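In our numbering, the protein residues as written are 2 to 186.
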């Protein structure tokens with residue numbers, strides 16, 4: 002069974018993301034799972050590349066460098082080994098997205114999708130998976146400190162802007178948007 006390219010295929014001659022089939026047709030290749038320590042290097046590479054290539058339109062080089070330094074393979078491996086909820090979404094066993102939760106704070110602390118896989122449904126599927134996990138662990142309202150870049154994605158998924166905030170990473174202020182969503186029953 003071959004990979005379906007939603008941008009252009011025999012079944013989708015128009016390309017441009019307009020498909021004749023619903024997005025779930027493509028999801029047969031997607032799988033969400035808990036991250037394991039051996040995923041740390043791949044996760045770090047994905048996160049750092051996404052920050053450099055996608056978030057660079059909204060953040061300066063100094064901010065990008067500080068942000069990347071916060072996402073080394075060693076740091077990610079430690080978080081996974083501490084049993085912090087870390088999840089990946091795979092496509093044909095390739096990691097194409099990652100997310101993590103801070104259950105004690107009712108906070109999704111990250112959601113990144115590989116740049117080449119943006120606008121293909123991976124982020125939406127991973128977000129639903131994480132929200133369901135949070136809900137199953139008693140979280141009724143989930144928050145995220147969204148990057149400026151991702152805030153419209155979260156808004157489209159029902160998150161509401163609370164306020165603009167910033168975080169200090171490696172001595173550099175990183176602007177974010179605090180967003181929240183009530184998880185439905």
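All residues carry an ideal CB built from backbone N, CA and C; glycine is no exception.
Bear in mind the structure is a predicted one, so any value in this text is a computation, not a measurement.
Proximity of the region 171-185 to the region 131-145 meets the contact definition, three or more beta-carbon pairs being nearer than 8 Å. Each of 57, 136, 172, 89 was checked against the Cα of residue 148, and the nearest Cα belongs to 57. In the same chain as residue 78, and ignoring 5 residues on each side of it, the C-beta atoms closer than 7 Å to its own belong to 38, 41, in chain order.
As the crow flies, the alpha-carbon of residue 61 is around 37 Å from that of residue 185. The C-beta separation of residue 36 from residue 99 comes to about 7 Å, placing the pair in contact by the 8 Å criterion. Within the region 41-114, the complete beta strand (DSSP E) segments at least 3 residues long are 87-92, 95-103, 108-114, listed from N- to C-terminus. In the structure shown, the three-state DSSP call for residue 152 is helix. DSSP places residue 147 in the strand class (E or B) of the three-state scheme.
The criterion of a C-beta distance shorter than 7 Å is satisfied by residue 127 and residue 90.
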